[in-house]
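In our numbering, each residue carries its 1-based index in the sequence shown increased by 144. Each residue gets a CB set at the ideal place from its N, CA and C atoms; glycine is no exception. Structure first, then comments.
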Amino acid sequence: MAKPTLTLNGKVVEFEPGQTILQVAQAVGVEIPTLCYLKDATPTGACRICLVEVKGARTLVASCAMPAGNGMEIQTDSQAVHTSRRLNIELLLASGSHNCLTCEKNGDCKLQALAYRYGITDIRFAGQTQQYPKDESNPLIVRDFSRCILCGRCVQACNDLQVNRAIGYGYRGAASKIVTTGDRPYQESDCVFCGQCVEACPVGALTEKKAVGLARSWETKQVRTTCPYCGVGCQMWLHVKDGRVVKVTAVEDAQPNRGMLCVKGRFGYDFIHSPERLTTPLIKGEDGQHHPATWDQALDFVAKRLKEIKKKHGADAIAGVSCARSINEDSYNMQKLFRGVIGTNNIDHCART
Ligand code: FES
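See the structure below:
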């Protein structure tokens, strides 16, 4: 059966039933700016930046939330679209304290980028700055309500992507605020500190506390790597400045985590630069103290002791627990060593604990 078609900026394009106008445009390489749109989450149409003109429609429509229709004629960058987008950006700029110079997200802010792109040099409207105090009460996430544009991406990331359902909209009108249940501090709420809300925030309202003041976005190099914590293999970016990891974000559109991380992957990187980090094997001596050793010395020592124990007490006196931080192949080799070489089935994996 023939696919439905619509006309996008004068060009006829096919689309799949159920796609939104934004998805059709993205599929054919037509860029429509967005702010509140979050891939894989239910669109809210909150920011009205993705407005497009549909012939015959009473008003401009939010392309992220509007299903594509057969025969639609759409303009994504007409004068009316441009004027409305510009106005909406100006209103968002007036809705809070967007003093970029002092913002942690300077250079990595979608609102700042849109203001620049649409040539906004003045704030035309008398603004209203949110009066809620900055929340720095937890160790991982800073919440600066004066910079929040209530786009709802954090709520979608928490509810739709991570499905933690820890935050939502609270209060009404100008007093609106993103809150946990009962507006309690994060650490007293259902929040599991995955930090997906921080990753989704397009402005400086949510930032990684440990990264504050360490580097501007243009000063860091992004290094792609695999999370070291479990066998899932989540893909992450290390943001590195002068050889030091200053923060971690997820790689979008990559399996298996598709832009998401857990609390350990996102925030648990202190060990990299910890002065207490082990850098060499240690062997416990007769004096009860641990002494640095080479890998050859350590492995020879372990092999010697395993042989001695097996000879004296039998293979079942030995048990092994492989590490969830190891790759699957290492865990396979570990059970092979215990079953095939040492001769015991006493082998387990710490992920079961
Ligand atoms: Fe569509 Fe915000 S991106 S309304």
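By the neighbour-count criterion, in which 16 or more other beta carbons inside 10 Å mark a residue as buried, Gly403 falls on the buried side.
For Arg402, the shortest separation between its Cβ and any heavy atom of ligand 1 does not lie below 7 Å. Short note on Cys191: C-beta closer than 7 Å to some heavy atom of ligand 1. The C-beta separation of Ile311 from Cys302 comes to about 5 Å, placing the pair in contact by the 8 Å criterion.
By the neighbour-count definition (other C-beta atoms within 10 Å, threshold 16), Gly240 is a buried residue. For the stretch 151 to 221, the continuous beta strand (DSSP E) assignments of 3+ residues that do not extend past its boundaries occur at 155 to 158, 195 to 198, 217 to 219, in sequence order. Restricted to the stretch 350 to 417, the beta strand (DSSP E) segments that are unbroken, complete and at least 3 residues in length are 350 to 352, 365 to 370, 379 to 385, 388 to 394, listed in chain order. About 20 Å separates the CB atoms of Phe337 and Val395; that is not less than 8 Å, and the two are not in contact.
Rounded to whole angstroms, Gln167 and Arg291 show a C-alpha spacing of 29 Å. Within the stretch 274 to 327, the complete beta strand (DSSP E) runs of at least 3 residues fall at 285 to 287, 311 to 314, 321 to 324. A Cβ-Cβ distance of about 5 Å is found for the pair Ala169 and Ile176, placing them in contact under the 8 Å criterion. Placement of the Cβ of Thr186 at a distance of 7 Å or more from every heavy atom of ligand 1 is found. Of the candidates Leu284, Gly409, Ala319, the residue whose Cα lies closest to the Cα of Leu350 is Leu284. Boundaries of the beta strand (DSSP E) around Val465: 464 to 466. Here Lys249 has Val347, Gly348, Thr351 as same chain residues with Cβ atoms under 7 Å from its own Cβ, once five neighbours each way along the sequence are excluded. Around the beta carbon of Gly339, 16 or more other beta carbons sit within 10 angstroms, so the residue counts as buried. With a contact defined as Cβ atoms closer than 8 Å, Cys298 and Cys341 qualify at about 4 Å. Closest by C-alpha distance to Lys183, out of Asp397, Lys456, Pro419, His457, is Asp397. Linking Val198 to Ile165 through their CA atoms gives a straight-line distance of about 10 Å.
Taking a contact as a CB-CB distance under 8 Å, the pair His434 and Leu443 does not count as one, their CB atoms being some 16 Å apart. For Gln256, the closest of Arg268, His242, Ile267 by C-alpha to C-alpha distance is His242. If only uninterrupted beta strand (DSSP E) runs of at least 3 residues are considered, none is enclosed by the stretch 219 to 266.
Residue burial annotation: Val485 is exposed, with fewer than 16 other C-beta atoms found within 10 angstroms of its C-beta.
Note that the C-beta distance between Val390 and Ala359 is below 8 Å. In summary, Lys147 is exposed, with fewer than 16 beta-carbon neighbours lying within 10 Å of its beta-carbon over all protein chains present.
Under the three-state reduction of DSSP output, Ile486 falls in the helix class.
Ranked by Cα distance from Gly458, the first of Val465, Arg449, Ala209 is Arg449. The straight-line gap separating the alpha-carbon atoms of Gly464 and Ile491 is approximately 5 Å.
No residue range can be given for Lys147, since it is assigned to no beta strand (DSSP E) and is classified by DSSP as neither H nor E. The beta carbon of Gln219 sits closer than 7 Å to the beta carbons of Asn153, Val196, Glu197, Val225 from its chain, once the five residues preceding and following it are set aside; these are given in chain order. Secondary structure note for Asp334: it is in no beta strand (DSSP E), with a DSSP letter that is neither H nor E. Each residue's CA atom was taken as its position, placing Arg268 and Thr188 some 26 Å apart.
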